[in-house]
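Quick notes on the structure that follows.
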Amino acid sequence: MFLFGSLLNDSILISAYSPERMRSMPSVTIRSVFQELQFWVKGISTLLVLFFGALYYCMIFSISGRSYDNSYKTYNLWLVISWVVGLRHRVHGLENQVIDGPKILVVNHQSALDVPALLYVWPKRSTFVAKRSICTYASFGLLVWFLKAILIDRSNRDDSIPKLMNAAKIVRDEKVSVIVFPEGTRGKGKAGLLPFKRGAFHLAVKAQVPIQPIVIGPYTGFDISRRIAKGCDCDIFVLPPIYTTDMTIDDVPTLTDKVHKQMSDVYLSCCPSEF
């Protein structure tokens, strides 16, 4: 029995170091090292661009002041970040965009790359809903303040709801569009979208403005857990708007489910089978 076990171990050892396996090992190792290096170079470069880019815009906005027009003015920052990480956008359904007047953009959330992905659909006069803790992110946190973002504490419903209701007044009176990620956190994507929180839909109904669903396809070239940052094509789908005229708060649950199903179906349809 001992002899059999010894021979088995020897055969495994020999097969592990067979000429065929040895020839493949260097290429695998080189590929792994390159992949790791690529991941860190892109990651560090992106953080540096974000830090100094945000600092640059903060200096500009410190002179011109806080404004709902500032978000669109940071266009070039997100364009550079897209180039650094190798993100190439393909936009579908631009003809569905609501051009005139304010709207609520409802967008699925996967990662920080969602911001550059919205470049081609970002309204000129707009703001967005973000978690309050984002203000602690160095120069980017200060930039968010200059952009007049709607900052909420996700863990405190009593704080979040009044702010969203006040946002409805801003949307109506100042003609400001609002970008909302209704999942509330980053989704994994493989099983479709996470359940939607209803805040964005309450906001749209209260302000009586249209909802513009935006679906961002999967980032197939990025996987932080495996340290992969190869870059990829990213599909953005602009779905037909849903008008909330004459809707009431009672319609919000049905409206939420309807938009979630539409967006989830589109997202899953563009997910590759191996994703």
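FYI, this note's numbering numbers position 84 of the sequence shown as 122, with every residue one higher than the one before it.
No residue lacks a Cβ here, since even glycine has one placed at the ideal position from N, Cα and C.
Taking a cut-off of 8 angstroms on C-beta distances, the segment 229-237 does not touch the segment 268-287, as fewer than three cross pairs fall below it. For a cut-off of 8 angstroms, the C-beta gap from TYR305 to ASN146 is around 6 angstroms, short enough to register as a contact. Taking 4 residues as the minimum length, the alpha helix (DSSP H) runs contained wholly in the segment 168-222 are 176-184 and 195-212, in order along the chain. In this structure, DSSP gives ASP261 an extended state, which the three-state scheme calls strand.
Taking the C-beta atoms as reference points, LYS186 is found no nearer than 8 angstroms to TYR110. Listed in chain order, the beta strand (DSSP E) runs fully inside the segment 117-141 are 125-130, counting runs of at least 3 residues. ASN114 is classed as exposed because its beta carbon has fewer than 16 other beta carbons within 10 Å across all chains shown. A Cβ-Cβ distance of about 7 angstroms is found for the pair HIS127 and LEU157, placing them in contact under the 8 angstroms criterion. Here DSSP, grouped into helix, strand and coil, assigns PHE239 to helix. In this structure, the beta-carbon distance from LEU151 to CYS173 does not fall below 8 angstroms.
VAL153 and TRP116 have their C-alpha atoms some 7 angstroms from each other. Note: ILE68 is not bridge-paired with any residue in the DSSP secondary-structure output. In this structure the segment 269-282 does not touch the segment 209-229; the number of beta carbon pairs closer than 8 angstroms is below three. Shortest Cα-Cα distance from LYS141 to any of TYR95, LYS207 and GLY91 involves LYS207. In this structure, GLY237 is the residue among TYR95, GLY237, ALA176 and VAL136 with its C-alpha nearest to the C-alpha of THR294. Counting only the Cα atoms, SER164 lies some 6 angstroms from ASP107. DSSP links GLN250 through a beta bridge to LEU143. Taking the C-beta atoms as reference points, GLN300 is found no nearer than 8 angstroms to PRO279.
In this structure THR84 does not touch ILE137 by the C-beta definition: roughly 32 angstroms separates them, more than the 8 angstroms allowed.
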